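Let me begin by presenting the structure, written as structure tokens, before commenting on it.
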Amino acid sequence: MSSEQRQDTLNKRKNFSRSDAVVGEDENKEKQSIQQSESPKKHFSKTLQRG
1 MSSEQRQDTL
11 NKRKNFSRSD
21 AVVGEDENKE
31 KQSIQQSESP
41 KKHFSKTLQR
51 G
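So the sequence shown is numbered by the UniProt record's numbering: it starts at 1 and just counts up by one.
What follows is the structure in structure tokens.
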């Protein structure tokens, strides 16, 4: 294996793990935004019931 090839596989591995991490972050952001968009509705229905 030449040093160039070795560097290439290392870069691919780095890119793969990085893309995995990014996907995980995106999923967490989606979950958070869903929770944030749901919480006002719950709060709103509570105020309606009170009135």
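Even for Gly, the Cβ is constructed at its ideal location relative to N, Cα and C.
Quick caveat: nothing in here was measured; it's all calculated off a predicted structure.
Collapsed DSSP secondary structure at residue i in the structure displayed
i	result
S37	helix
S3	helix
Length of the line joining the Cα atoms of residue i and residue j
i	j	result
Q35	D20	23 Å
S3	T9	10 Å
E30	N15	22 Å
N11	E27	24 Å
S37	V22	22 Å
R13	R6	11 Å
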